[in-house]
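Colleague: One structure is given below, represented as structure tokens, and several questions about it will come after.
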Amino acid sequence: MKKILFVILLGLISCETEITNYKAKNLNNSFVIYGEITNLPGPHAFRINYLIDYDPYDITKYIGKPVDGAEVEVIDKDGKTVALEAFGQGLYKTPMGFKGVVNQFYQLSVKTVEGYSIQSDFQELLPPPELKGFDYTFVNAEKVEDMYFDVKASIIDKKGTKDFYFVKKQDFIEFITTCPEPPPPPASPPACYSKCWQAPLNTQPELLSDFLVDGQELPLTFPRINAFDFTKWVVQVEAYNVSKEISEYWKRQEEQRTIGGGLFDKIPAQIGGNLSCTNEPNIEVLGIFVVAGKTKKRLEIDRFKSFDQATLAKVQTYLNFNDLRNKELKVYNCDQAGWVDYNIGFSLPPE
1270 MKKILFVILL
1280 GLISCETEIT
1290 NYKAKNLNNS
1300 FVIYGEITNL
1310 PGPHAFRINY
1320 LIDYDPYDIT
1330 KYIGKPVDGA
1340 EVEVIDKDGK
1350 TVALEAFGQG
1360 LYKTPMGFKG
1370 VVNQFYQLSV
1380 KTVEGYSIQS
1390 DFQELLPPPE
1400 LKGFDYTFVN
1410 AEKVEDMYFD
1420 VKASIIDKKG
1430 TKDFYFVKKQ
1440 DFIEFITTCP
1450 EPPPPPASPP
1460 ACYSKCWQAP
1470 LNTQPELLSD
1480 FLVDGQELPL
1490 TFPRINAFDF
1500 TKWVVQVEAY
1510 NVSKEISEYW
1520 KRQEEQRTIG
1530 GGLFDKIPAQ
1540 IGGNLSCTNE
1550 PNIEVLGIFV
1560 VAGKTKKRLE
1570 IDRFKSFDQA
1580 TLAKVQTYLN
1590 FNDLRNKELK
1600 VYNCDQAGWV
1610 DYNIGFSLPP
1620 E
């Protein structure tokens, strides 16, 4: 259950950043909200917290708690309402399969058990961006440390409109654990599952616009992928076509990204978006309701098939020397390998 929750939260926490330049009148008794609606099938997750004590100069005075029991709805401009389901710890989700419609406008409505009413502005769901040339090449070298995979992709910008793009990236890395020695005969050896996946957190989104490059290809940037092992490596890209308002929100977050922290961390990002408390103007609402056209793709990098025999021998020597299999830490099920950071188990989350 914990791993399922972690996978759901990947999208919620992958772009959170602390901000300190937002002038809030009163951050005590404030709400922190983040969620998104796109043209892709859900469920779409939302997170709602309530900040009951805060001092920007004393981190120990931060007290936040999840907002449970709220009535959360997404409303389109035609009046159609979709109710969100709570699934604990201030988390809410749309029904399975729910997706937004391109060119429709959506609003988020939250009514808490204490009687607070929070609403967003109506936001238009723009057409999803076109992703081109999502591929990779292997760059060989004499030393394993200098080998790498070069990943490339670009967004095809639509000519004649002012467009803003927001891109999330997530890596999924296959790893292999070492199985225990089999028991002596006549006992049958138990099953051993040694291939699992890890999903390192990526909190640095990429922001693009077509300013001065209207109608052209906008290249995305990717870090080099190492050749330290021959397991598979999957790169996931989620490209959003967003409004200028939402783009500016993320821009302000990224300007302070190096400070650290996150929207729901100590101390929360002090930045308001498109949400407000309609029946209590003195209550601050931080965070944002994202409505966007979205394109999501995955690229599988098969490192093993990219190596010739000589290169594979070098990689094998490298991983043995650096003990990447953790031979002294033996388990029958790799999903129990607690020493592997962000271990998500035997399979990738659904696309």
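Letter by letter, the sequence shown follows residues 1270 to 1620 of the numbering used here. Using N, Cα and C, we set each Cβ at its ideal position, and we do this for glycine too.
#1: If you run the structure through DSSP and keep just helix, strand and coil, what is V1511?
#2: With burial defined as no fewer than 16 other Cβ atoms inside 10 Å of the residue's Cβ, what is the status of T1446: buried or exposed?
#3: I'd like to know whether the C-beta atoms of L1593 and F1497 end up nearer to each other than 9 Å.
#4: Kindly indicate the opening and closing residues of the beta strand (DSSP E) around Q1623.
#5: Could I get the ranges of all uninterrupted beta strand (DSSP E) runs contained in the stretch 1404-1448, with 3 residues as the minimum, in chain order?
#6: So the candidates are R1521, N1471, N1298, Y1587; which of them puts its Cα closest to the Cα of E1383?
#7: Starting from the N-terminal side, write out each stretch of the alpha helix (DSSP H) that is 4 residues or longer and does not extend beyond the stretch 1329-1398.
#8: May I ask you to list the residues that DSSP assigns as paired with S1478?
#9: So Y1303 is in the beta strand (DSSP E); what residue range does that whole segment cover?
#10: Quick one: what does DSSP say L1400 is sitting in, helix, strand or coil?
#11: Using the rule of at least 16 other Cβ atoms within 10 Å of the residue's Cβ for burial, across every protein chain shown, is Q1485 buried or exposed?
#12: Is the beta carbon of W1466 less than 9 Å from the beta carbon of F1615?
#13: So N1318 and G1359 are supposed to be a Cβ contact under 8 Å. How far apart are they, rounded?
#14: Exposed or buried, what is P1474 when buried is set at 16 or more other beta-carbons lying within 10 Å of its beta-carbon?
#15: Please name the residue in T1500, V1506, G1542, W1502 whose C-alpha comes closest to that of K1520.
#16: With respect to the alpha helix (DSSP H) encompassing S1575, which residues constitute its N-terminal and C-terminal limits?
#17: Judging by CA-CA distance, which residue of S1478, F1418, G1366 is the nearest neighbour of F1433?
#18: Does any residue of chain D have a CB that is nearer than 9 Å to the CB of K1520?
#19: Can you tell me whether Y1319 is helix, strand or coil according to DSSP?
#20: Could you work out which residue in L1544, S1516, D1415, E1514 is closest to V1584 when comparing CA atoms only?
#21: Is it the case that the Cβ atoms of I1560 and Q1392 are separated by a distance below 9 Å?
#22: From P1310 to L1617, what does the alpha carbon distance come to, in whole angstroms?
#23: In the DSSP assignment, what are the bridge partners of G1556?
#24: Is any heavy atom of the ligand NAD found at a distance shorter than 8 Å from the C-beta of G1384?
#25: Once the 5 residues before and after G1648 are set aside, which same chain residues still bring their CB inside 7 Å of it?
Modeller: Taking the geometry as given:
#1: For the purposes of this step, residue 1511 is taken as residue 242 along the sequence shown, with counting starting at 1. In the displayed model, V1511 falls within a strand according to three-state DSSP.
#2: Start at 1 with the first residue of the sequence shown, and residue 1446 comes out as number 177. Flag for T1446 reads buried.
#3: On the sequence shown, position 324 is the one that residue 1593 refers to. On the sequence shown, position 228 is the one that residue 1497 refers to. Here L1593 is near F1497, since their CB atoms are less than 9 Å apart.
#4: Lying before the first or after the last residue shown, residue 1623 is absent from the chain, which here runs from 1270 to 1620.
#5: Correct list: 1417-1425, 1433-1445.
#6: Indexing the sequence shown from 1 puts residue 1383 at position 114. Looking at the Cα atoms, N1298 is the closest of the given residues.
#7: The stretch 1329-1398 contains no whole alpha helix (DSSP H) run of 4 or more residues.
#8: Within the sequence shown, numbered from 1, the residue matching residue 1478 stands at position 209. Looking at the DSSP assignment, S1478 forms a beta bridge with F1433.
#9: Along the sequence shown, read from residue 1 onward, the residue named residue 1303 stands at position 34. 1299-1307 is the extent of the beta strand (DSSP E) around Y1303.
#10: Your numbering for residue 1400 matches position 131 in the sequence shown. Note: L1400 maps to strand in three-state DSSP.
#11: Counted from its first residue, the sequence shown places residue 1485 at position 216. The residue in question, Q1485, is exposed, as its Cβ has fewer than 16 Cβ neighbours within 10 Å.
#12: The residue given as residue 1466 occupies position 197 in the sequence shown. The residue given as residue 1615 occupies position 346 in the sequence shown. In contact: W1466 and F1615 (Cβ atoms closer than 9 Å).
#13: For the purposes of this step, residue 1318 is taken as residue 49 along the sequence shown, with counting starting at 1. For the purposes of this step, residue 1359 is taken as residue 90 along the sequence shown, with counting starting at 1. A Cβ-Cβ separation of about 6 Å places N1318 in contact with G1359 under the 8 Å criterion.
#14: The residue labelled residue 1474 in the question sits at position 205 within the sequence shown. So P1474 ends up on the buried side.
#15: Counting from 1 along the sequence shown, the entry for residue 1520 is found at position 251. Among T1500, V1506, G1542, W1502, the Cα nearest to that of K1520 is on G1542.
#16: Taking the sequence shown and counting its residues from 1, the one referred to as residue 1575 is at position 306. Counting along the chain, the unbroken alpha helix (DSSP H) around S1575 starts and ends at 1572-1575.
#17: Here residue 1433 is taken as the residue at index 164 of the sequence shown, counted from 1. When only C-alpha atoms are compared, the closest one is S1478.
#18: Protein chains in the displayed structure number just one, and chain D is not present.
#19: Here residue 1319 is taken as the residue at index 50 of the sequence shown, counted from 1. Three-state result, Y1319: strand.
#20: To locate residue 1584, count along the sequence shown from 1; it is residue 315. Of the candidates L1544, S1516, D1415, E1514, the one whose C-alpha sits nearest the C-alpha of V1584 is D1415.
#21: Walking along the sequence shown from the start, residue 1560 turns up at place 291. Walking along the sequence shown from the start, residue 1392 turns up at place 123. For the sequence presented, residue 1560 should be read as Val rather than Ile. Against a cut-off of 9 Å, the Cβ pair of Q1392 and V1560 comes out as a contact.
#22: If you number the sequence shown from 1, residue 1310 lands on position 41. If you number the sequence shown from 1, residue 1617 lands on position 348. Rounded to the nearest whole angstrom, the CA to CA distance from P1310 to L1617 is 18 Å.
#23: Position 287 of the sequence shown, counted from the first residue, corresponds to residue 1556. I1302, G1541.
#24: Absence of the ligand NAD from the depicted structure is noted, as is the absence of any ligand whatsoever, leaving it without description.
#25: An answer regarding residue 1648 cannot be provided, because it is not within the stretch 1270 to 1620 covered by the chain.
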